[in-house]
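Below is one structure; the comments refer to it alone.
In the numbering used here, the protein residues as written are 5 to 372.
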(Lines of atoms letter the chains of each structure in order from A and count residues from 1; the text may use other names and numbers.)
(Lines give C-alpha, C1' and ligand atoms only; values in the text may rest on other atoms or scores of the structure.)
Protein backbone atom coordinates (compact mmCIF):
# COMPACT_ATOMS: atom_id res chain seq x y z
CA UNK A 1 0.00 0.00 0.00
CA UNK A 2 1.48 3.36 -1.05
CA UNK A 3 1.56 6.19 1.44
CA UNK A 4 -1.33 8.64 1.20
CA UNK A 5 -0.53 12.20 2.27
CA UNK A 6 -3.38 14.72 2.33
CA UNK A 7 -2.58 18.40 2.94
CA UNK A 8 -5.47 20.51 4.25
CA UNK A 9 -5.40 24.21 5.12
CA UNK A 10 -7.65 25.59 7.85
CA UNK A 11 -8.21 29.28 7.29
CA UNK A 12 -10.68 32.04 8.07
CA UNK A 13 -10.89 35.25 10.04
CA UNK A 14 -10.03 35.60 13.75
CA UNK A 15 -12.05 33.53 16.24
CA UNK A 16 -13.36 31.15 13.60
CA UNK A 17 -12.81 27.87 15.46
CA UNK A 18 -9.64 26.65 13.75
CA UNK A 19 -7.95 25.59 17.00
CA UNK A 20 -11.03 23.70 18.21
CA UNK A 21 -11.27 21.97 14.83
CA UNK A 22 -7.63 20.89 15.08
CA UNK A 23 -8.40 19.31 18.46
CA UNK A 24 -11.34 17.46 16.93
CA UNK A 25 -9.21 16.26 14.00
CA UNK A 26 -6.66 14.81 16.43
CA UNK A 27 -9.45 12.93 18.19
CA UNK A 28 -11.11 11.67 14.99
CA UNK A 29 -8.14 10.54 12.89
CA UNK A 30 -6.38 8.26 15.37
CA UNK A 31 -3.31 6.06 15.17
CA UNK A 32 -5.46 3.05 16.09
CA UNK A 33 -7.24 3.57 12.77
CA UNK A 34 -3.98 3.84 10.84
CA UNK A 35 -3.75 7.65 10.73
CA UNK A 36 -0.96 10.04 11.55
CA UNK A 37 -1.96 13.68 11.96
CA UNK A 38 0.78 16.30 11.58
CA UNK A 39 -0.30 19.79 12.64
CA UNK A 40 1.51 22.91 11.45
CA UNK A 41 0.79 25.80 13.87
CA UNK A 42 -0.05 29.34 12.86
CA UNK A 43 3.19 31.08 11.98
CA UNK A 44 2.26 34.73 12.55
CA UNK A 45 1.25 34.14 16.15
CA UNK A 46 4.46 32.22 16.84
CA UNK A 47 6.61 35.02 15.40
CA UNK A 48 4.76 37.68 17.37
CA UNK A 49 4.66 35.89 20.72
CA UNK A 50 7.90 33.93 20.45
CA UNK A 51 10.28 36.23 18.58
CA UNK A 52 8.71 39.59 19.39
CA UNK A 53 8.50 40.42 15.69
CA UNK A 54 5.37 42.55 15.56
CA UNK A 55 3.85 44.30 12.53
CA UNK A 56 2.30 46.71 15.02
CA UNK A 57 3.79 49.56 17.01
CA UNK A 58 6.35 50.37 14.30
CA UNK A 59 8.43 47.26 15.04
CA UNK A 60 8.42 46.17 11.39
CA UNK A 61 6.18 47.04 8.47
CA UNK A 62 3.43 44.62 7.54
CA UNK A 63 5.18 43.94 4.22
CA UNK A 64 8.47 43.07 5.93
CA UNK A 65 6.59 40.94 8.43
CA UNK A 66 5.14 38.86 5.59
CA UNK A 67 8.67 37.99 4.43
CA UNK A 68 9.32 36.52 7.89
CA UNK A 69 5.98 34.68 7.84
CA UNK A 70 6.39 33.26 4.32
CA UNK A 71 9.95 32.12 4.99
CA UNK A 72 8.90 30.31 8.17
CA UNK A 73 5.84 28.78 6.48
CA UNK A 74 7.93 27.37 3.65
CA UNK A 75 10.37 25.85 6.14
CA UNK A 76 7.54 24.28 8.15
CA UNK A 77 5.92 22.88 5.01
CA UNK A 78 9.19 21.25 3.99
CA UNK A 79 9.64 19.70 7.44
CA UNK A 80 6.02 18.51 7.60
CA UNK A 81 6.31 16.75 4.24
CA UNK A 82 9.58 15.14 5.28
CA UNK A 83 8.02 13.94 8.53
CA UNK A 84 5.01 12.58 6.61
CA UNK A 85 7.35 10.44 4.51
CA UNK A 86 9.24 9.18 7.57
CA UNK A 87 6.37 8.12 9.86
CA UNK A 88 5.31 4.45 9.62
CA UNK A 89 1.60 5.17 9.11
CA UNK A 90 0.39 4.85 5.52
CA UNK A 91 -2.36 7.50 5.92
CA UNK A 92 -1.02 10.93 6.83
CA UNK A 93 -3.06 14.09 7.29
CA UNK A 94 -1.09 17.35 7.34
CA UNK A 95 -3.20 20.14 8.80
CA UNK A 96 -2.04 23.73 8.32
CA UNK A 97 -3.36 26.42 10.66
CA UNK A 98 -3.32 29.05 7.92
CA UNK A 99 -0.92 28.86 4.98
CA UNK A 100 0.87 31.06 2.48
CA UNK A 101 -2.18 32.51 0.68
CA UNK A 102 -3.45 33.88 4.00
CA UNK A 103 -0.67 36.46 3.86
CA UNK A 104 -2.41 38.10 0.93
CA UNK A 105 -5.13 39.33 3.30
CA UNK A 106 -2.64 41.59 5.11
CA UNK A 107 -0.77 43.34 2.26
CA UNK A 108 -1.57 44.65 -1.21
CA UNK A 109 -1.76 42.30 -4.18
CA UNK A 110 1.41 43.79 -5.61
CA UNK A 111 3.29 43.42 -2.32
CA UNK A 112 2.15 39.81 -2.06
CA UNK A 113 3.30 39.10 -5.61
CA UNK A 114 6.70 40.60 -4.82
CA UNK A 115 6.97 38.56 -1.63
CA UNK A 116 6.29 35.32 -3.49
CA UNK A 117 8.72 36.32 -6.24
CA UNK A 118 11.44 36.75 -3.61
CA UNK A 119 11.01 33.03 -2.84
CA UNK A 120 10.72 32.03 -6.51
CA UNK A 121 7.00 31.33 -6.35
CA UNK A 122 3.79 32.34 -8.08
CA UNK A 123 0.24 32.22 -6.69
CA UNK A 124 -0.58 29.30 -9.01
CA UNK A 125 2.36 27.31 -7.62
CA UNK A 126 1.36 28.08 -4.04
CA UNK A 127 -2.25 27.00 -4.56
CA UNK A 128 -1.09 23.63 -5.94
CA UNK A 129 0.71 22.87 -2.68
CA UNK A 130 -2.52 22.07 -0.83
CA UNK A 131 -5.13 19.40 -1.54
CA UNK A 132 -8.03 21.30 0.03
CA UNK A 133 -8.86 24.46 1.96
CA UNK A 134 -11.49 24.80 4.70
CA UNK A 135 -12.51 28.38 5.37
CA UNK A 136 -14.12 28.71 8.78
CA UNK A 137 -16.03 31.98 8.87
CA UNK A 138 -15.15 34.20 11.83
CA UNK A 139 -17.77 34.21 14.57
CA UNK A 140 -17.73 38.01 14.15
CA UNK A 141 -20.13 37.18 11.29
CA UNK A 142 -23.28 35.69 12.75
CA UNK A 143 -22.04 34.58 16.18
CA UNK A 144 -20.85 37.88 17.60
CA UNK A 145 -21.67 36.92 21.20
CA UNK A 146 -18.84 34.38 21.07
CA UNK A 147 -16.20 36.68 19.60
CA UNK A 148 -13.32 37.24 21.97
CA UNK A 149 -9.73 38.31 21.86
CA UNK A 150 -8.39 34.91 22.92
CA UNK A 151 -5.21 35.17 20.87
CA UNK A 152 -3.18 37.44 23.15
CA UNK A 153 -0.57 37.96 20.43
CA UNK A 154 -3.06 39.51 18.01
CA UNK A 155 -5.78 42.00 18.91
CA UNK A 156 -8.42 42.56 16.26
CA UNK A 157 -11.81 44.23 16.66
CA UNK A 158 -15.04 42.69 15.37
CA UNK A 159 -15.01 45.00 12.34
CA UNK A 160 -11.39 44.15 11.55
CA UNK A 161 -12.16 40.44 11.98
CA UNK A 162 -14.96 40.69 9.40
CA UNK A 163 -12.70 42.57 7.00
CA UNK A 164 -9.88 40.03 7.34
CA UNK A 165 -12.35 37.19 6.84
CA UNK A 166 -13.49 38.77 3.55
CA UNK A 167 -9.91 39.31 2.41
CA UNK A 168 -8.96 35.73 3.31
CA UNK A 169 -11.94 34.44 1.33
CA UNK A 170 -10.76 36.44 -1.64
CA UNK A 171 -7.15 35.22 -1.28
CA UNK A 172 -8.10 31.53 -1.40
CA UNK A 173 -10.93 31.88 -3.94
CA UNK A 174 -8.91 30.43 -6.88
CA UNK A 175 -8.31 27.12 -5.08
CA UNK A 176 -10.43 24.42 -6.78
CA UNK A 177 -11.26 22.64 -3.51
CA UNK A 178 -12.13 25.47 -1.16
CA UNK A 179 -15.00 24.82 1.23
CA UNK A 180 -16.72 27.46 3.37
CA UNK A 181 -18.10 26.57 6.82
CA UNK A 182 -20.32 29.32 8.23
CA UNK A 183 -22.06 30.05 11.55
CA UNK A 184 -25.56 29.25 10.30
CA UNK A 185 -26.60 27.05 13.26
CA UNK A 186 -24.23 26.77 16.24
CA UNK A 187 -20.59 26.08 16.98
CA UNK A 188 -20.99 22.31 17.47
CA UNK A 189 -22.73 22.08 14.12
CA UNK A 190 -19.99 24.17 12.52
CA UNK A 191 -17.23 21.87 13.75
CA UNK A 192 -19.25 18.77 12.79
CA UNK A 193 -19.73 20.08 9.25
CA UNK A 194 -16.03 20.82 8.97
CA UNK A 195 -15.12 17.31 10.18
CA UNK A 196 -17.60 15.75 7.73
CA UNK A 197 -15.98 17.71 4.90
CA UNK A 198 -12.52 16.49 5.90
CA UNK A 199 -13.76 12.88 5.82
CA UNK A 200 -15.06 13.49 2.30
CA UNK A 201 -11.75 15.07 1.27
CA UNK A 202 -9.81 11.96 2.35
CA UNK A 203 -12.35 9.70 0.64
CA UNK A 204 -14.18 8.32 3.66
CA UNK A 205 -17.77 8.47 4.81
CA UNK A 206 -18.28 10.83 7.72
CA UNK A 207 -19.51 9.09 10.90
CA UNK A 208 -22.96 9.97 12.18
CA UNK A 209 -23.04 12.85 14.62
CA UNK A 210 -26.36 12.28 16.38
CA UNK A 211 -26.12 9.71 19.13
CA UNK A 212 -28.21 7.99 21.77
CA UNK A 213 -26.96 7.10 25.23
CA UNK A 214 -27.80 4.01 27.29
CA UNK A 215 -26.96 2.55 30.66
CA UNK A 216 -25.99 -1.09 30.11
CA UNK A 217 -24.86 -4.08 32.11
CA UNK A 218 -21.08 -4.45 32.10
CA UNK A 219 -20.19 -6.29 28.86
CA UNK A 220 -17.38 -8.76 28.25
CA UNK A 221 -14.81 -6.29 26.94
CA UNK A 222 -12.48 -9.03 25.72
CA UNK A 223 -15.36 -10.33 23.64
CA UNK A 224 -15.89 -6.87 22.13
CA UNK A 225 -12.27 -6.83 21.03
CA UNK A 226 -12.31 -10.35 19.59
CA UNK A 227 -15.74 -10.41 17.96
CA UNK A 228 -16.23 -6.79 16.91
CA UNK A 229 -12.60 -5.64 16.61
CA UNK A 230 -13.28 -3.02 19.26
CA UNK A 231 -10.47 -0.51 19.75
CA UNK A 232 -9.87 0.63 23.33
CA UNK A 233 -8.78 4.12 24.32
CA UNK A 234 -7.82 5.34 27.79
CA UNK A 235 -9.01 8.78 28.86
CA UNK A 236 -8.86 10.98 31.97
CA UNK A 237 -10.77 14.24 32.32
CA UNK A 238 -10.16 16.72 35.14
CA UNK A 239 -12.36 19.73 35.92
CA UNK A 240 -10.61 22.98 36.83
CA UNK A 241 -11.61 25.68 39.29
CA UNK A 242 -13.89 28.26 37.64
CA UNK A 243 -12.36 31.68 37.08
CA UNK A 244 -15.20 33.30 35.08
CA UNK A 245 -18.95 33.00 35.61
CA UNK A 246 -20.73 30.63 33.22
CA UNK A 247 -17.46 29.17 31.93
CA UNK A 248 -16.62 25.54 32.71
CA UNK A 249 -12.97 24.54 32.27
CA UNK A 250 -11.44 21.09 31.99
CA UNK A 251 -8.37 19.25 30.72
CA UNK A 252 -8.21 15.79 29.20
CA UNK A 253 -5.48 13.21 28.70
CA UNK A 254 -6.18 10.71 25.93
CA UNK A 255 -4.19 7.71 24.72
CA UNK A 256 -3.30 7.78 21.04
CA UNK A 257 -1.36 4.70 19.98
CA UNK A 258 1.86 4.72 21.96
CA UNK A 259 1.49 8.41 22.79
CA UNK A 260 -0.81 10.67 24.77
CA UNK A 261 -2.74 13.70 23.55
CA UNK A 262 -3.68 16.56 25.86
CA UNK A 263 -6.54 19.06 25.48
CA UNK A 264 -7.83 22.15 27.27
CA UNK A 265 -11.57 22.83 26.95
CA UNK A 266 -13.85 25.72 27.87
CA UNK A 267 -17.64 25.52 27.82
CA UNK A 268 -19.46 28.85 27.77
CA UNK A 269 -23.17 29.37 28.27
CA UNK A 270 -24.57 32.52 26.68
CA UNK A 271 -27.48 34.51 28.15
CA UNK A 272 -29.90 32.86 25.72
CA UNK A 273 -28.70 29.42 26.81
CA UNK A 274 -26.55 28.84 23.72
CA UNK A 275 -23.69 26.43 24.45
CA UNK A 276 -20.30 27.28 22.98
CA UNK A 277 -17.45 24.79 23.53
CA UNK A 278 -13.91 25.61 22.44
CA UNK A 279 -10.93 23.31 22.73
CA UNK A 280 -7.22 23.42 21.95
CA UNK A 281 -4.42 20.87 22.03
CA UNK A 282 -1.87 21.51 24.77
CA UNK A 283 1.54 20.09 25.63
CA UNK A 284 2.17 17.63 28.44
CA UNK A 285 3.90 20.44 30.35
CA UNK A 286 0.85 22.69 30.01
CA UNK A 287 -1.39 19.81 31.07
CA UNK A 288 0.64 19.24 34.23
CA UNK A 289 0.46 22.96 34.95
CA UNK A 290 -3.33 22.96 34.66
CA UNK A 291 -3.56 20.07 37.14
CA UNK A 292 -2.56 22.56 39.83
CA UNK A 293 -5.86 24.34 39.10
CA UNK A 294 -7.98 21.20 39.56
CA UNK A 295 -11.36 21.53 41.27
CA UNK A 296 -10.84 19.50 44.45
CA UNK A 297 -14.61 19.17 44.95
CA UNK A 298 -14.74 16.84 41.93
CA UNK A 299 -13.04 13.54 41.14
CA UNK A 300 -11.12 12.84 37.95
CA UNK A 301 -13.27 11.08 35.36
CA UNK A 302 -11.21 8.07 34.25
CA UNK A 303 -12.56 5.69 31.65
CA UNK A 304 -11.69 3.24 28.92
CA UNK A 305 -13.67 3.78 25.72
CA UNK A 306 -14.29 0.78 23.44
CA UNK A 307 -15.16 1.85 19.90
CA UNK A 308 -16.52 -0.62 17.33
CA UNK A 309 -18.99 -1.09 14.49
CA UNK A 310 -22.00 -3.41 14.57
CA UNK A 311 -24.32 -3.83 11.57
CA UNK A 312 -22.78 -0.76 10.01
CA UNK A 313 -23.40 1.43 13.05
CA UNK A 314 -20.73 3.13 15.15
CA UNK A 315 -20.92 2.28 18.82
CA UNK A 316 -18.86 3.24 21.86
CA UNK A 317 -18.86 1.81 25.37
CA UNK A 318 -17.41 3.77 28.29
CA UNK A 319 -16.13 1.64 31.16
CA UNK A 320 -15.37 3.37 34.47
CA UNK A 321 -13.12 2.03 37.26
CA UNK A 322 -15.71 2.92 39.91
CA UNK A 323 -18.36 0.60 38.42
CA UNK A 324 -17.94 -3.17 38.00
CA UNK A 325 -21.54 -3.86 37.03
CA UNK A 326 -22.57 -1.07 34.65
CA UNK A 327 -21.23 0.90 31.68
CA UNK A 328 -22.43 3.56 29.23
CA UNK A 329 -23.23 2.80 25.58
CA UNK A 330 -23.34 5.42 22.80
CA UNK A 331 -25.05 4.52 19.53
CA UNK A 332 -24.60 6.86 16.56
CA UNK A 333 -27.22 7.53 13.91
CA UNK A 334 -30.89 6.62 13.90
CA UNK A 335 -32.70 5.64 17.13
CA UNK A 336 -31.75 2.19 18.35
CA UNK A 337 -33.86 -0.81 17.36
CA UNK A 338 -33.61 -4.17 19.11
CA UNK A 339 -32.33 -5.78 15.94
CA UNK A 340 -29.41 -3.34 15.89
CA UNK A 341 -28.11 -4.34 19.30
CA UNK A 342 -25.27 -6.85 19.67
CA UNK A 343 -26.83 -9.82 21.49
CA UNK A 344 -24.09 -9.71 24.11
CA UNK A 345 -25.14 -6.24 25.32
CA UNK A 346 -27.95 -5.81 27.87
CA UNK A 347 -29.60 -2.38 27.98
CA UNK A 348 -30.82 -1.24 31.38
CA UNK A 349 -32.36 2.06 30.31
CA UNK A 350 -31.98 5.06 28.01
CA UNK A 351 -30.11 7.95 29.62
CA UNK A 352 -29.94 10.38 26.69
CA UNK A 353 -30.12 13.88 28.15
CA UNK A 354 -30.08 12.57 31.73
CA UNK A 355 -27.87 14.91 33.78
CA UNK A 356 -27.02 12.10 36.22
CA UNK A 357 -24.92 10.49 33.49
CA UNK A 358 -23.06 13.57 32.27
CA UNK A 359 -19.31 13.57 32.89
CA UNK A 360 -19.44 16.45 35.34
CA UNK A 361 -22.08 14.67 37.47
CA UNK A 362 -20.04 11.47 37.36
CA UNK A 363 -17.05 13.48 38.58
CA UNK A 364 -19.12 14.34 41.65
CA UNK A 365 -20.92 11.05 42.29
CA UNK A 366 -18.52 8.38 40.97
CA UNK A 367 -21.46 6.08 40.46
CA UNK A 368 -23.59 4.75 37.58
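Glycine residues also receive a C-beta, built at the ideal position from the N, C-alpha and C atoms.
Requested in this report: Drop a sphere of 10 angstroms on the beta-carbon of residue 157, count the other beta-carbons inside from all chains shown, and report buried for 16 or more, exposed for fewer.
Outcome: Taking the first residue of the chain shown as position 1, residue 157 is located at position 153. Only weak support is given to the placement of residue 157: the predicted model assigns it a pLDDT of 46, under 50, and the question is left unresolved by the model.
Query raised in the report: Should the segment 6-18 be regarded as contacting the segment 131-139, the criterion being three or more beta carbon pairs within less than 8 Å?
Result: These segments touch.
**Report entry** Limits of the alpha helix (DSSP H) - the one that residue 182 falls within
**Finding:** Here residue 182 refers to the residue found at position 178 of the chain shown. If you look at residue 182, you'll find it isn't in any alpha helix (DSSP H); it sits in the beta strand (DSSP E) that goes 182-185.
Query raised in the report: Thinking just about the alpha-carbon of each residue, which of 36, 45, 335 is nearest to the one in residue 211?
Result: To locate residue 211, count along the chain shown from 1; it is residue 207. Closest in alpha carbon position to residue 211, among 36, 45, 335, is 335.
Query raised in the report: Among 58, 42, 86, 41, which has the Cα closest to the Cα of residue 49?
Result: In the chain shown, counting from the first residue as 1, residue 49 sits at position 45. Taking only the C-alpha atoms, the option nearest residue 49 is 58.
Query raised in the report: Taking buried to mean at least 16 other C-beta atoms within 10 Å of its own C-beta, is residue 63 buried or exposed?
Result: As a first step, residue 63 must be located in the chain shown, where it is residue number 59. Residue 63 comes out exposed.
Query raised in the report: For residue 139, which of helix, strand or coil comes out of DSSP?
Result: Here residue 139 refers to the residue found at position 135 when the chain shown is read from its first residue. Here residue 139 sits in strand by DSSP.
Query raised in the report: Taking the alpha-carbon positions, what's the residue 20 to residue 191 distance?
Result: Mapped onto the chain shown, residue 20 falls at position 16. Mapped onto the chain shown, residue 191 falls at position 187. Approximately 9 Å between the Cα atoms of the pair.
Query raised in the report: Are the Cβ atoms of residue 101 and residue 45 separated by less than 8 Å?
Result: As a first step, residue 101 must be located in the chain shown, where it is residue number 97. As a first step, residue 45 must be located in the chain shown, where it is residue number 41. Residue 101 is a Cβ neighbour of residue 45, given a cutoff of 8 Å.
Query raised in the report: Does the distance from the CB of residue 142 to the CB of residue 104 come in under 8 Å?
Result: Here the question's residue 142 lines up with position 138 in the chain shown. Here the question's residue 104 lines up with position 100 in the chain shown. The answer is no: Cβ separation not under 8 Å.
Report task. With DSSP as the reference, please indicate the residues paired to residue 311 in a beta bridge. Result -> The residue given as residue 311 occupies position 307 in the chain shown. For residue 311, which the question treats as bridged, DSSP gives the partners 235, 320.
Query raised in the report: Nearest to residue 71 by alpha carbon, out of 122, 53, 256, 40?
Result: Working through the chain shown from its first residue, we reach residue 71 at position 67. Minimum Cα distance to residue 71 is reached at 122.
Query raised in the report: So residue 125 packs on residue 178, CB below 8 Å; how close in whole Å?
Result: Locating residue 125 in the chain shown gives position 121, counting from the first residue. Locating residue 178 in the chain shown gives position 174, counting from the first residue. Rounded, the Cβ-Cβ distance is 14 Å, inconsistent with contact.
Query raised in the report: Are the Cβ atoms of residue 306 and residue 220 separated by less than 8 Å?
Result: For the purposes of this step, residue 306 is identified with residue 302 of the chain shown, where counting begins at 1. For the purposes of this step, residue 220 is identified with residue 216 of the chain shown, where counting begins at 1. Taking a C-beta distance under 8 Å as the contact criterion, residue 306 and residue 220 do not qualify as a contact pair.
Query - Those residues which DSSP pairs with residue 65 across a bridge - result: The residue you call residue 65 lines up with position 61 of the chain shown. Beta-bridge annotation (DSSP): residue 65 is not paired with any residue.
Query - Backbone CA spacing between residue 214 and residue 78 [nearest angstrom] - result: Here residue 214 refers to the residue found at position 210 of the chain shown. Here residue 78 refers to the residue found at position 74 of the chain shown. Note on geometry: alpha-carbon atoms of residue 214 and residue 78 lie some 40 Å from one another.
Query raised in the report: Who are the near neighbours of residue 7 in its chain, counting only those whose CB is closer than 6 Å to its CB and skipping five residues on each side?
Result: Taking the chain shown and counting its residues from 1, the one referred to as residue 7 is at position 3. Contacts found: 94.
Query - Beta-carbon contacts of residue 318 that lie in its chain and below 6 Å, excluding the five residues immediately before and after - result: Position 314 of the chain shown holds residue 318. Counting only Cβ-Cβ distances below 6 Å, and skipping sequence neighbours, we find 211, 336.
Query raised in the report: How would you write the range of the alpha helix (DSSP H) that residue 361 sits in, first residue to last?
Result: Here the question's residue 361 lines up with position 357 in the chain shown. Here residue 361 belongs to no alpha helix (DSSP H), and DSSP marks it neither H nor E.
Query raised in the report: CA-CA distance, residue 365 and residue 331?
Result: Translated into positions along the chain shown, residue 365 becomes position 361. Translated into positions along the chain shown, residue 331 becomes position 327. The C-alpha of residue 365 lies about 15 Å from the C-alpha of residue 331.
Report task. Grab the span of the alpha helix (DSSP H) containing residue 294 for me, first residue to last. Result -> To locate residue 294, count along the chain shown from 1; it is residue 290. Where residue 294 is concerned, the enclosing alpha helix (DSSP H) stretches over 288-295.
Query raised in the report: Does the pairing of the segment 345-361 with the segment 277-292 give three or more beta-carbon distances under 8 Å?
Result: The segment 345-361 is not in contact with the segment 277-292.
Report task. Would you identify the three-state DSSP class for residue 240, choosing helix, strand or coil? Result -> Taking the first residue of the chain shown as 1, we reach residue 240 at position 236. In this structure, residue 240 counts as strand in the three-state DSSP scheme.
Report task. Using a threshold of 8 Å, state whether the C-beta atoms of residue 295 and residue 242 are closer than that. Result -> Position 291 of the chain shown holds residue 295. Position 238 of the chain shown holds residue 242. A contact, by the Cβ cut-off of 8 Å.
Requested in this report: Just grab the DSSP bridge partners of residue 92 for me.
Outcome: The residue given as residue 92 occupies position 88 in the chain shown. According to DSSP, which records beta bridges pairwise, residue 92 is partnered with nothing at all.
Requested in this report: Report the residue from 52, 116, 232, 22 whose alpha carbon sits nearest the alpha carbon of residue 67.
Outcome: In the chain shown, the residue the question calls residue 67 occupies position 63. Of the candidates 52, 116, 232, 22, the residue whose Cα lies closest to the Cα of residue 67 is 116.
Requested in this report: Quick one: measure Cβ to Cβ for residue 367 and residue 303, integer angstroms, because I've assumed they're closer than 8 Å.
Outcome: Your numbering for residue 367 matches position 363 in the chain shown. Your numbering for residue 303 matches position 299 in the chain shown. Residue 367 to residue 303, Cβ: 5 Å. Contact.
Query raised in the report: Going by DSSP, what residues sit across from residue 306 in a beta bridge?
Result: As a first step, residue 306 must be located in the chain shown, where it is residue number 302. Looking at the DSSP assignment, residue 306 forms a beta bridge with 240.
Query raised in the report: Where does residue 206 sit, in a helix, a strand or coil, going by DSSP?
Result: Residue 206 sits at position 202 when you count from the first residue of the chain shown. Residue 206 falls in the coil class under three-state DSSP.
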